[in-house]
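Mapping to the numbering used here: the sequence shown position 123 is 123, numbers consecutive.
Where is the CB? At the ideal position from N, CA and C, for every residue including glycine.
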Amino acid sequence: MTCEIQEKSNSPPTGIMLIYNSTSAKNDNDKELLDQITNITSNYQRLLIVGDVNIHMENTSNTRTRKFLNHLELLHIPPTIPETTHKGGHTLDFITSTNNLNCSEIKWTEVPWSDHFIGKFSLKLNIQPPRHH
1 MTCEIQEKSN
11 SPPTGIMLIY
21 NSTSAKNDND
31 KELLDQITNI
41 TSNYQRLLIV
51 GDVNIHMENT
61 SNTRTRKFLN
71 HLELLHIPPT
81 IPETTHKGGH
91 TLDFITSTNN
101 LNCSEIKWTE
111 VPWSDHFIGK
121 FSLKLNIQPP
131 RHH
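Shown next as structure tokens:
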């Protein structure tokens, strides 16, 4: 799912992409996911990506993980490997953005209703308030 935020009328929109990669996803699904991320990055100069990739991001020696992280790096989306995001002790979720988007203060908190943690972050945008006539 994607949406966009228009900051000022003369600035390009910021894209937001929510992704989910099923636990049963195989390498073929990863290619489709990476293709979707590539397509979205071509539409936005600034992009925030959040979601559950169900790839063990903490295991950077894993071929599947390395392929995913390398692809993000090629798109100038620095992969930020967070601490644990899952009750099983893994990092299956992430929040990242293009270099020119100020996404910070990323924190992951365990919640009782899910085996995944909830991610919170700060995003500073220069949104123009609506004009009242």
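| query | Hey, how far is the Cα of K31 from the Cα of N21? | reply | Each residue's alpha carbon lies about 11 Å from the other.
| said: Mapping the DSSP letters down to three states, classify K120 as helix, strand or coil. | reply: strand
| said: For C103 and T96, I'd like the C-alpha separation in whole angstroms. | reply: 7 Å
| query | With C-beta atoms as the reference, is W108 less than 9 Å away from E83? | reply | yes
| task | For T144, name the three-state secondary structure that DSSP assigns. | result | Here the chain covers residues 1 to 133 and nothing more, so residue 144 does not appear.
| task | Let me know if G88 comes out buried or exposed under the rule of 16 or more other beta-carbons within 10 Å of its beta-carbon. | result | exposed
| task | Kindly give me the distance between the Cβ atoms of L125 and E7, rounded to whole angstroms, as I take these residues to be in contact under 8 Å. | result | 6 Å
| query | CA-CA distance, T2 and L47? | reply | Here the alpha carbon of T2 sits roughly 10 Å from the alpha carbon of L47.
| query | If you follow the beta strand (DSSP E) that E152 is part of, which residue opens it and which one closes it? | reply | For the chain, the structure presents residues 1 to 133; residue 152 sits outside this window and is missing.
| field | Separation of I118 from N43, as counted between CA atoms | value | 28 Å
| Should N54 go down as buried or exposed, given a rule of 16 or more other Cβ atoms within 10 Å for buried? | Answer is buried; the Cβ neighbour count reaches 16.
| Can the beta-carbon of L34 be found closer than 9 Å to that of H76? | L34 places its beta carbon 9 Å or farther from that of H76.
| message | Starting from K8, trace the beta strand (DSSP E) in both directions and tell me its first and last residue. | response | Segment: none, K8 is in no beta strand (DSSP E) and carries neither H nor E.
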